[in-house]
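Numbering (my numbering), first residue to last: 63 to 645.
Every residue, glycine too, gets a C-beta built ideally from N, C-alpha and C.
Data first, discussion second: the structure below is written as structure tokens.
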């Protein structure tokens, strides 16, 4: 691989990356392969996909100076240190070890045994204290050769150990974990660990890929969204505000209608390296805290506007895997309160994948002039991904009807049932979006087996290398002959025109047909002068609005004439054109 492969005139494309825990090791090689054929204009991702998106943006930022060569080196740098990216706080390490044990065993029985072993290692001292009375009874029974007391001692030792273990776990889960913002790992490197934890590693990796380093390869000022914008690169991520039960797109939208967020310097210092904290506070004034405010830190700073926001901060907000990485606290005024609305309230931001794990809607346009490719992770199924001669591990829709349907997956056991409940609640919108015409043919699917990606932090090197190869294949598919941009645009054109026709038809019906209350929309517009809340700017403005409404209805009548667009050969399934709130 040489720098020349990334140089020269290349067509633009956008890229969206799905969240997938450690499956994101697929992304660097996919990004590099795709960058040989395209330039990235807009890049988006969520959760683990936000890591890949941040790295891709840094690579594009430094394309001319070897950025993608540095991206290509990432898999080799992390292959033997993947597990060290997850460094739990000392008080919660036994719980972390139990979680890892449960996830890494292939069978349920093996998982239970591994969890017990992890508990014995992590809480040996407290379990010994619980078992001590029973051990003393056993000691007495052995010397007195009393079998009854021996049995009683064994039972007492086991029950005592389990009782003390339960108490300790209960304390960890109900007190220690909430105090750590419901996460076992902060993302910062713990003292004595020679390898960097995830946040520290990602912060340094972004800046090293971007070339923001000194002569000794030490990163300096963190790369920001403003730096990207100055080179016409757009980066977007998703996060989830648990306190408001809503998603946000990052960076936060700006303008007078968007309420400001704040961060506590002490909170963020526990999550981000010092050089990032220095940048966050460099141009910000500390917010004065009036005497009457309660439950509010005294070290609040305004959350940076997008131009000044370091990429690592947005990435950390997006990848806060629930229970594993601590949620990120921000503060915001609660405008629903009748009293105390000036006081910022604490909000916890967690994994963007909770609300949109595959934001395929990023950068969407009715009539695209450049493709938006996406990479998704799916479960491998021998019935679907084996053609009888070989396994199909990476694929992209080539037939117009391919990818139109969602697979029907079996549900087994209570764990599988609960897992599917959660998956349905958080992914149904992304799943439906991914099968739409104009979307499905630009998604690369990587089919993973249970021991690949996911939460397998201790994958053997051959498995790790196999995922890297899948990434190369995923990056090569959109650049190959199977993707036809003209065909893609024609499908998007047909779908867009059909939806516009349907929307115009609804406008005509509302304008002309009598309603249940208040007549039709034409009569309503003629008689109603405007509300006190939203009065017309002036009468000329109101008359122009009504003239445009009449012209829109006339256009709708014209679109209703035969042959209609929807009577033609329009790709399926049908779509809905609707108003949705901005994220």
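ask   = Is the Cβ-Cβ distance between residue 411 and residue 384 less than 9 Å?
value = no
message = My output table needs one value for residue 89: the three-state DSSP class, helix, strand or coil.
response = helix
ask   = Is residue 637 helix, strand or coil by DSSP?
value = coil
inquiry  = Output needed for residue 473: all residues of its chain with C-beta closer than 8 Å, excluding positions within five of it in sequence on either side, in chain order.
reply    = 479 and 482
ask   = What residue from 66, 463 and 268 has the CA that sits closest to residue 118's CA?
value = 268
key: Best match in 291, 325 and 274 for proximity to residue 132 [C-alpha to C-alpha]   = 274
key: Euclidean distance between Cα positions of residue 441 and residue 457   = 13 Å
ask   = How close, in whole Å, do the beta carbons of residue 516 and residue 84 come, if the pair is a contact with beta carbons under 8 Å?
value = 7 Å
key: Contacts around residue 622, its chain only, beta-carbon distance under 7 Å, and the 5 residues preceding and following it disregarded   = 567 and 570
key: Closest by C-alpha distance to residue 633, when choosing among 497, 573 and 582   = 497
task = Check whether the region 603-616 touches the region 548-559, counting contact only when three or more Cβ pairs, one atom from each stretch, lie closer than 8 Å.
result = no
query = Is any beta-carbon of chain B found at less than 9 Å from that of residue 406?
reply = You won't find chain B in this structure, because it holds only one protein chain.
Counted within 10 angstroms of its Cβ, other Cβ atoms place residue 156 as buried (16 or more) or exposed = buried
Buried versus exposed call for residue 230 [16 or more other C-beta atoms within 10 Å across all chains shown] = buried
ask   = With residue 371 and residue 326 assumed to form a contact (beta carbons below 8 Å), what rounded beta-carbon distance in angstroms separates them?
value = No, residue 371 and residue 326 are not in contact; Cβ-Cβ is about 17 Å, not under 8 Å.
ask   = In whole angstroms, what is the alpha-carbon distance linking residue 597 and residue 611?
value = 17 Å
ask   = Any idea what DSSP makes of residue 493, helix, strand or coil?
value = helix
Spatial neighbours of residue 536 in its chain, beta-carbon cut-off 7 Å, leaving aside the 5 residues before and after = 88, 92, 437, 456, 506 and 508
Chain-order list of residues whose beta-carbon lies under 8 Å from that of residue 614 (same chain, five-residue window excluded) = 566 and 569
request  = Report the three-state DSSP secondary structure of residue 408 (helix, strand or coil).
outcome  = strand
request  = Report all residues from its chain with a CB closer than 8 Å to the CB of residue 126; omit the five preceding and five following residues, and keep chain order.
outcome  = 69
task = Run the CB neighbour count on residue 75, radius 10 Å, all protein chains shown included, and call it buried at 16 or more, exposed below.
result = buried
request  = Give the C-beta separation of residue 397 and residue 302 to the nearest angstrom, bearing in mind that I take them to be a contact with Cβ-Cβ under 8 Å.
outcome  = Their Cβ separation, rounded to whole angstroms, is 20 Å, which puts residue 397 and residue 302 out of contact at 8 Å.
request  = Express the C-alpha separation of residue 104 and residue 593 in angstroms, rounding to a whole number.
outcome  = 41 Å
message = Do residue 377 and residue 299 count as a contact pair if the criterion is CB distance below 9 Å?
response = yes
message = Comparing C-alpha positions only, which one of 532, 617 and 589 sits nearest to residue 96?
response = 532
task = Compare the Cα-Cα distances from residue 354 to each of 406, 304 and 486 and report the closest residue.
result = 406
query = Does the region 282-290 come close enough to the region 330-349 to have 3 or more Cβ pairs within less than 8 Å?
reply = yes
ask   = Which runs of the beta strand (DSSP E) spanning at least 3 residues fall entirely within the region 204-248, listed in chain order?
value = 245-247
task = Assign residue 646 to buried or exposed, taking buried as 16 or more other Cβ atoms, counted over all protein chains shown, within 10 Å of its Cβ.
result = A query on residue 646 cannot be resolved here, the shown segment of the chain reaching from 63 to 645 and no further.
task = Note down, in chain order, each residue of its chain lying with its Cβ closer than 6 Å to the Cβ of residue 153, except the 5 sequence neighbours on either side.
result = 238
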